[in-house]
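Structure first, commentary second.
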Amino acid sequence: MEVNEVFEKVKGLFEEELGIESEKITMEAKLEEDLDIDSLGIVEVVMAFEDEFEIRIDEEELEEVVTVGQAVNLLHSKL
């Protein structure tokens, strides 16, 4: 799966799970500052990522993730 395909799935999950408008979701968008995702929202979307991509994400890996692009790259690296 290509990075842009992962981004499109991630974008869809942010829209579906958290109700975020698609035009706000860019690779550069910061999860907390730009998209207003709180810690509960992060947990919800991580569970959706794990289900969608059939992977496991450790808490330590999430500590470095600040932007949508970093999340996409993390997911892409696990596929």
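Its first residue numbered 11, the sequence shown is counted upward by one per residue in my numbering. We put the CB at the ideal spot given by N, CA and C, even for glycine.
State the start and end residues of the unbroken alpha helix (DSSP H) segment that holds residue i.
i	result
Asp-61	49-63
Ala-81	78-88
Glu-25	13-28
Leu-45	Taken as a continuous stretch (DSSP letters only), Leu-45 belongs to no alpha helix (DSSP H), as it is neither H nor E.
Leu-72	69-72
Out of the options, which one is the CA nearest neighbour of residue i?
i	options	result
Glu-69	Val-56, Leu-28, Asp-61	Val-56
Glu-64	Leu-89, Asp-48, Val-20	Leu-89
Ile-47	Gly-29, Met-11, Val-13	Gly-29
Stretch pair the segment 30-43 + the segment 60-77: three plus CB contacts closer than 8 Å: yes
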